[in-house]
Each structure stands twice: as C-alpha cells, then as structure tokens.
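Only one structure is covered here, and it is reproduced in the block below.
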Amino acid sequence: MLGSGFEAEDAVQETLVRAWRRYDAGRGPLRPWLFRVAANVCFDMLRGPQRRARAMDLGPAAVPGAPLGEPLPDRVWVQPVPDGRVLASAGDPAEAAVARETVRLAFVAALQLLPPRQRAVLILRDVLAWSAAEVAALLGTSAASVNSALQRARSRLPALPPAPGEDVDERLLARYVEAFERYDVDALVALLREDATLSMPPFAWWLSGREAVRAVLTAAAASGPPCGGSRAVPARASGSPAFAQYRDGTAFALVVLETAGDAVAHVTTYLDPRLFRLFGLPDEFGGPAPY
C-alpha cells in the first residue's frame, strides 16, 4: 500500500496502538477488524497528491556524462522491503512465490498509480485472496462496488514480466557480486540485458540500455575504480536478489537486481544507509576487500 518499508513499519506500530486503545470483543472476529484498522491507517497516510515512484517514472533516461542533479526527498521513492518480512508467513513454496511477486519493485511502483481504495481492493482480493463480501465489509461498501473497483484497478495496471526462478537469481547474484567487487566493467555489462536500466535513488538520474551503462562505468573507472575497497554482502529485497555495499567497511548502498531469464534487467542502487538496519544488516563490515 505505502511503497516504503519505513512507512510500513510506522503503519504497523500505529495499527497496533489503535487496536490496543479501541479493541472490543463485541466487534466480532479479531482478524478482519485488525485489517480494517490497518487499511484506515494506510488511507490516512496516503492523503495528499504525492505518490512514490521509480526514477523511470519521473522523466527520460539521462545521457551518459550528464550530472546526477539534486537528490530528491525520501517521500518520492518506492523503497525495497526485506523478503523475510513478507515471506515468513508464507505456508508453502507456492504461497512464497506469490508473496515474492507482490513485493517486486515494479509491482509496488505500479500500485502507486491507483487511488488508495482501488489499491486496497486489489491487494485484498488479488494478493490476500479475500472474497468480495469480506472486502466490502472491511471497507464499508457493497460487493458490487468492490468488484467494480477491482476491475478498474486491474485495467490500470501495466503488464509486468513474470518473476524469474529462485535458482537463476542466486547464480546471477553470485556472478554480479564477484564482478562488482573487482569492478570488472566487461563482466558486469555482460550480465545485463540489452535494454537494462540503472538508477540511483535519491537521484532522478537513470540510464537506459547496456551500452549507456558501459559508457558510464568505463568513464567512472578512468580515475580509478569508484567502488575500490567495496565489499558486497548478499541479501534479498522486494522479491529480488540484492546486496549490501560497504565502502571502507561502512554501510553505503543497497543494490537490488531485478532479473529476466538469465540476465539482469534493472539495477537500483539505493544510496540510503538507513536501509541496512531495516534489513538487519550491520552498519560496519570488517575485513579487507578480496580484490
């Protein structure tokens, strides 16, 4: 709903506070009532015109060599969430696959295009598999209204590529991490799709195409590897492989790799060390770089 792991944590806390203050056993079963409280918390937090987005939603791709520009506020960006926060409740591999699909950055960014109530209906019906009657009771409306909102929401969502298999993700991550720590431009670029994108929130600057990425990485290496001394620690973020980047032993960035087949389709480097604690990662990482 919120497109941010930080805001999701705030929403959980506010939901529990409201539940503690207002719960009455006479209201009926706890679960639907608690979901109603959570939905209302999200609606309150989503008041206002700003919607979270990815760099690709904000403007055209940059030309290699163009400046990064000024960083944009945190509220602009769709942010990653640790897989463990979402997948822990999945009861079997099929449920885990569905859960992983619904926290992918592309899916969450697409949700931001929907009005809050349509967003809630789509999540409750298509992600959590509630019935139209259950959603109607939660939102205080009719089943017919819920079905209509669901149809409108589905029609507004862009088509998304299927999620890749888990095994391919892990092999690609290992190869990408090795090439990244060596700053091997040729090896990194070889792992990208021809139409791959690269972005670095909080900057709106982003690149489109493997050759544009090659040009920028090569230019950056001209004065020495810009990530020299970096260590990369594998992670899982928003249903995708990821790694935490440490520079000189200090938390620097969380890099999320979205894959398609056996190649990397999108690289999103979040230059926000606060994410390390959200992901249970240390702020410091000892030991010398391997290359």
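Each number in my numbering comes from the position in the sequence shown (counting from 1) with 1245 added on.
All C-beta atoms in this analysis are idealised placements derived from N, C-alpha and C, irrespective of residue type, glycine included.
This structure is a prediction, so every number in the text was calculated from the model and none was measured.
Buried or exposed for Ser1485, please, with buried defined as at least 16 other CB atoms from any protein chain shown within 10 angstroms of its CB.
For the purposes of this step, residue 1485 is taken as residue 240 along the sequence shown, with counting starting at 1. Per the 10 Å Cβ criterion, buried.
Beta-bridge pairing of Pro1549 - partner residues as DSSP gives them
Since the displayed the chain opens at 1246 and closes at 1536, residue 1549 lies outside it and no answer follows.
Is it buried or exposed, Trp1265, if we count other Cβ atoms within 10 angstroms and call 16 or more buried?
Position 20 of the sequence shown, counted from the start, is the residue given in the question as residue 1265. Exposed: under 16 other Cβ atoms inside 10 Å.
Inter-residue Cα distance where the pair is Ala1457 and Pro1309
Mapped onto the sequence shown, residue 1457 falls at position 212. Mapped onto the sequence shown, residue 1309 falls at position 64. Those two C-alpha atoms are separated by around 6 Å.
Let me confirm a value: Glu1529 is counted as buried when at least 16 other C-beta atoms fall within 10 Å, else exposed. Which label applies?
The residue given as residue 1529 occupies position 284 in the sequence shown. So Glu1529 counts as exposed.
Local conformation of Ser1390 per DSSP, three classes:
One-based indexing of the sequence shown puts residue 1390 at position 145. The answer is helix: DSSP assigns Ser1390 an H, G or I state.
Rounded to whole angstroms, what's the CA-CA distance from Phe1288 to Leu1261? Just pull it up for me.
Here residue 1288 refers to the residue found at position 43 of the sequence shown. Here residue 1261 refers to the residue found at position 16 of the sequence shown. Going from the Cα of Phe1288 to the Cα of Leu1261 covers about 16 Å.
Using a threshold of 9 Å, state whether the C-beta atoms of Arg1320 and Leu1359 are closer than that.
Along the sequence shown, one-based indexing puts residue 1320 at 75. Along the sequence shown, one-based indexing puts residue 1359 at 114. For Arg1320 and Leu1359, no; Cβs fall outside 9 Å.
Taking buried to mean at least 16 other C-beta atoms within 10 Å of its own C-beta, is Leu1367 buried or exposed?
Taking the first residue of the sequence shown as 1, we reach residue 1367 at position 122. Buried: at least 16 other Cβ atoms inside 10 Å.
Would DSSP call Arg1522 helix, strand or coil?
For this step, residue 1522 is matched to residue 277 along the sequence shown. The answer is helix: DSSP assigns Arg1522 an H, G or I state.
Is the beta carbon of Leu1452 closer than 9 Å to that of Tyr1433?
Along the sequence shown, read from residue 1 onward, the residue named residue 1433 stands at position 188. Along the sequence shown, read from residue 1 onward, the residue named residue 1452 stands at position 207. Residue identity check: residue 1433 is Leu in the sequence provided, not Tyr. No, the Cβ-Cβ distance between Leu1433 and Leu1452 is not below 9 Å.
Reduced DSSP category for Phe1497 - H, G, I as helix; E, B as strand; rest coil
As a position in the sequence shown, residue 1497 is number 252, starting the count at 1. In this structure, Phe1497 counts as strand in the three-state DSSP scheme.
Beta bridge counterpart(s) of Thr1504 as assigned by DSSP
Residue numbering aside, residue 1504 sits at position 259 when the sequence shown is read from its first letter. In the DSSP output, where bridge partners are listed per residue, Thr1504 has Val1509.
Status (buried if at least 16 other CB within 10 Å, exposed otherwise) for Val1257:
Residue mapping note: residue 1257 aligns to position 12 of the sequence shown, counting from 1. Exposed.
According to DSSP, is Ser1453 helix, strand or coil?
The sequence position of residue 1453 within the sequence shown is 208, counting from 1. Strand at Ser1453.
Neighbourhood of Met1445 by C-beta, 7 Å cutoff - its chain only, sequence neighbours within 5 removed
Here residue 1445 refers to the residue found at position 200 of the sequence shown. Excluding sequence neighbours, Met1445 sits near Thr1514, Leu1516.
If we count the other Cβ atoms within 10 Å of its Cβ and call it buried at 16 or more, is Ser1376 buried or exposed?
Position 131 of the sequence shown, counted from the start, is the residue given in the question as residue 1376. Classification for Ser1376: exposed.
Between Arg1362, Arg1330, Ala1388, Ala1354, which lies nearest to Arg1522 when the distance is taken from Cα to Cα?
For the purposes of this step, residue 1522 is identified with residue 277 of the sequence shown, where counting begins at 1. Ranking the options by Cα distance to Arg1522, first place goes to Arg1330.
Whole-angstrom C-beta distance between Pro1277 and Glu1379, which should lie under 8 Å
Residue numbering aside, residue 1379 sits at position 134 when the sequence shown is read from its first letter. Residue numbering aside, residue 1277 sits at position 32 when the sequence shown is read from its first letter. About 7 Å; that satisfies the 8 Å criterion.
CB-CB under 6 Å to Val1343, same chain, minus the five flanking residues each way: which ones, in chain order?
Sequence index remark: in the sequence shown, residue 1343 carries index 98 (1-based). Cβ within range, chain order: n/a, list empty.
Cα-Cα separation, Ala1284 to Gly1314
Residue mapping note: residue 1284 aligns to position 39 of the sequence shown, counting from 1. Residue mapping note: residue 1314 aligns to position 69 of the sequence shown, counting from 1. Spanning the two alpha carbons is a distance of roughly 36 Å.
Can you find the residues in the same chain that come closer than 8 Å, C-beta to C-beta, to Leu1383, ignoring five residues on each side of it along the sequence?
For the purposes of this step, residue 1383 is identified with residue 138 of the sequence shown, where counting begins at 1. So the list reads Pro1277, Phe1280, Arg1281, Ala1284, Leu1369, Trp1375, once near-sequence residues are dropped.
Where the alpha helix (DSSP H) through Thr1260 begins and ends:
As a first step, residue 1260 is located in the sequence shown; it is residue number 15 there, counting from the start. Element bounds for Thr1260: 1250 to 1267.
Thinking Val1323 and Val1353 are a contact (beta carbons under 8 Å), I'd like their distance in whole angstroms, please.
Residue mapping note: residue 1323 aligns to position 78 of the sequence shown, counting from 1. Residue mapping note: residue 1353 aligns to position 108 of the sequence shown, counting from 1. The Cβ separation is near 5 Å, so the contact holds.
Leu1502 vs Leu1418 beta-carbon contact at 9 Å:
Position 257 of the sequence shown, counting from 1, holds the residue named residue 1502. Position 173 of the sequence shown, counting from 1, holds the residue named residue 1418. For Leu1502 and Leu1418, yes; Cβs fall inside 9 Å.
Between Tyr1491 and Ala1482, is the Cβ-Cβ spacing less than 9 Å?
Translated into the one-based positions of the sequence shown, residue 1491 becomes position 246. Translated into the one-based positions of the sequence shown, residue 1482 becomes position 237. Going by C-beta atoms, Tyr1491 is not nearer than 9 Å to Ala1482.
Name the two residues that bound the continuous alpha helix (DSSP H) containing Glu1379.
Looking up residue 1379 in the sequence shown gives position 134. Counting along the chain, the alpha helix (DSSP H) containing Glu1379 begins and ends at 1377 to 1384.
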